[in-house]
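The structure under discussion appears below in the form of C-alpha cells.
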Amino acid sequence: MKDNQSILITGGAGFIGSHVVRLFVEKYPDYNIFNLDALTYAGNLENLKDIESKSNYTFLKADITNSSLINELFETYKFDSVIHLAAESHVDRSILDPLAFVKTNVIGTMNLLNAFKNCWKDQYQGKRFYHISTDEVYGSLGHTGFFTETTAYDPNSPYSASKASSDHFVRAYGETYGMPYVISNCSNNYGPNQFPEKLIPLFINNIINNKSLPVYGDGNYTRDWLYVIDHAIAIDTIFHKGTNAETYNIGGFNEWKNIDLVKLLCHLMDKKLGRQVGTSEKLITFVKDRPGHDLRYAIDASKIKNQLGWIPSVTFEQGLEKTINWYLNNESWLESVTSGTYQDYYKKQYT
Ligand code: NAD
Ligand code: TYD
C-alpha cells in the first residue's frame, strides 16, 4: 500500500466510524482520509468536531444507495482503499422497516463494490476493500460455545440477514473478480458517541432522566461487549496487517447477561449521580421480548490475537467508566440527538 494513499471510510459520522476516522486522521498524516456519510439520524458531524479542520481529512455527504453519485466520487478521488462501515445498524429498527436495511446494507454495499471495480478496472495492485460486519451473521449460540471464523452463517433478524448478504457479496467479488478484500465480524460495541437506541447509551440516558429501563423478556440474553476504541484499533490492525480474502472475528472476551449488565450500570450511575445505591435499579421494567431475539453471542477472537497480535486494551470496568463519564460530560450531545424524530421512534418501539 502507498504511504500517501486515499482511503474512503463510509459511515464515518456514526458511532464506530467516527472513532475509526479520528484514529486514521491522527495516526496517518500522509493518508488522505475521506469520510462519506449520508448523515441519517445516526450520523452526526459533531462526533468529529475535533479533527474536521485537519488537512488530511475531507467530508463527503453522499448516500451509498445512489450508484451514479458513488461512481462519480470514485472517478474524482480514485480511492485506493475502502473501509466500509455505513449501514443501518439497529436490530429493532430492522424489525420495523426491513427494506431500509436491504437498501443501505445490501444495495449500498453493492454500489461501493461496483464503483471500486469500475474505478480500478480489476487492476488491484496495492488496493483493498475492507468490509466491517457483525457477529450477528452467525445467528445465536446456546449456553455454551463460541463463534469462530468458520461458523456457518445463520442470521435471524432483518439486520443480520442484510449484513450476511453484504458479506457474501464482498466475498463473491473477491472470488469472481479478484478484488482484494478483508472482512471482520465484531461483537457488541459500547463507548462514547453511540446513539441512544442501543442498550448501554439508551439506559444511561434513561437513568439520567429517571425514565424506565425496558429490559426485553427475562433479561437472560447474553452479549459480548467491546469498547469502541478497541474495535477501531482492531480495524487499523486488520487494514494494515490482515491477509487478503480472510475473515477476522473481533470480540471483547467479555460476556454479560443483559440483566447483570443493567444492574451494574444502575450501580455505577447511582454512584456518579450521587444517588442512593439502589435508586436506578427501581427503574428496571421487564417488557415484551424482541421477536426472534438471539439468546447469546460470544466471539472466539483467538485468530486476530494469535495472527495479528490484537487484544482489547481496556477492561470492561475501565471502558464503562469512560463511557459513563463521556455521556455525563456531553449532555448537550445527548439532548440534541434525542430531540425530534428520536421521540417518534421511542414511542413506536416502547409504547
Ligand atoms: P451507526 O448506526 O452509529 O452509524 C452508521 C453510519 O452510517 C451513520 O453515520 C449513518 O449516517 C451512515 N449511513 C447510514 N445509511 C447510509 C447510507 N445509505 N449512505 C451513507 N451513509 C449512511 O452504526 P455503528 O454502530 O457505528 O456501526 C458501524 C458498522 O459497524 C455497521 O456496518 C455495523 O453493522 C457494524 N457493527 C456494529 C456493531 C455495534 O455494536 N454497533 C458491532 C459490530 C459491527
Ligand atoms: P442492542 O444494543 O440493540 O444490540 P444487539 O441487539 O445488536 O445485540 O441490544 C443488546 C441487548 O439488549 C439485546 O439482547 C437486546 C437487549 N435490549 C433490551 O433488553 N432493551 C432495550 O431497550 C434494548 C435496545 C436492547
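Quick note on our numbering: the sequence shown kicks off at 28 and runs consecutively.
Don't be surprised by glycine CBs; every beta carbon is placed ideally from N, CA and C.
Nothing here was measured: the structure is a model prediction, and the numbers come from that model.
{"query": "Considering Cα atoms alone, identify which of Tyr180, Ile331, Ala69 and Tyr151 is closest to Leu168.", "result": "Tyr180"}
{"query": "For a test of the three-state rule: what should DSSP assign to Leu322, helix, strand or coil?", "result": "coil"}
{"query": "Rounded to whole angstroms, how far is the Cβ of Ala259 from the Cβ of Val47, which I believe are closer than 8 Å?", "result": "5 Å"}
{"query": "Of all the options Tyr186, Pro339, Leu72 and Thr161, which has the alpha carbon lying nearest to the alpha carbon of Thr175?", "result": "Thr161"}
{"query": "Within the same chain, show all residues whose beta-carbon is closer than 8 Å to that of Phe196, passing over the 5 residues directly before and after it, in chain order.", "result": "Val133, Thr136, Met137 and Leu140"}
{"query": "By how many angstroms is the C-alpha of Phe51 removed from the C-alpha of Thr203?", "result": "30 Å"}
{"query": "What's the call for His158, buried or exposed, on a 16-neighbour Cβ count within 10 Å?", "result": "buried"}
{"query": "So what's Pro339 in DSSP terms, helix, strand or just coil?", "result": "coil"}
{"query": "Of all the options Ser211, Leu361, Asn352 and Ser184, which has the alpha carbon lying nearest to the alpha carbon of Met296?", "result": "Asn352"}
{"query": "DSSP puts Ser160 in a beta bridge; with which residues?", "result": "Asn212"}
{"query": "Do you know how far the Cα of Ile36 is from the Cα of Val242?", "result": "34 Å"}
{"query": "Smallest Cα separation from Glu115: which of Tyr208, Pro185, Leu100 and Asn98?", "result": "Pro185"}
{"query": "Between Phe26 and Ile331, what straight-line distance do the alpha-carbon atoms span, to the nearest angstrom?", "result": "Nothing about residue 26 can be reported from this structure: the residues present for the chain run from 28 to 378 only."}
{"query": "With respect to 8 Å, is the separation between the Cβ of Asp77 and the closest non-hydrogen atom of ligand 1 below this value?", "result": "no"}
{"query": "Who are the Cβ neighbours of Tyr208 in its own chain at under 8 Å, not counting the five residues just before and after it?", "result": "Arg155, Phe156, Tyr157, His158, Val197, Arg198, Tyr200, Gly201, Asn271 and Ala272"}
{"query": "Assign Asp287 to one of three DSSP states: helix, strand, or coil.", "result": "helix"}
{"query": "Which residue or residues does DSSP assign as beta-bridge partners of Arg155?", "result": "Ser108"}
{"query": "So who's on the other strand from Pro182, going by DSSP bridges?", "result": "DSSP lists no partner for Pro182."}
{"query": "For the stretch 335 to 352 against the stretch 275 to 289, do three or more pairs of beta-carbon atoms, one drawn from each stretch, fall closer than 8 Å, so that the two count as touching?", "result": "yes"}
{"query": "Do you know whose CA, among Ile311, Lys375 and Lys130, lies nearest Leu288's CA?", "result": "Ile311"}
{"query": "For Lys88, name the three-state secondary structure that DSSP assigns.", "result": "strand"}
{"query": "Does the beta carbon of Lys375 fall short of 8 Å from some heavy atom of ligand 2?", "result": "no"}
{"query": "For my contact list, Asn83 and Ile60 are in at a C-beta cut-off of 8 Å; report their separation, rounded to the angstrom.", "result": "6 Å"}
{"query": "Taking C-alpha atoms, which residue in Asp263, Leu229 and Pro223 lies nearest to Lys54?", "result": "Asp263"}
{"query": "Cα separation between Gly41 and Gln221?", "result": "8 Å"}
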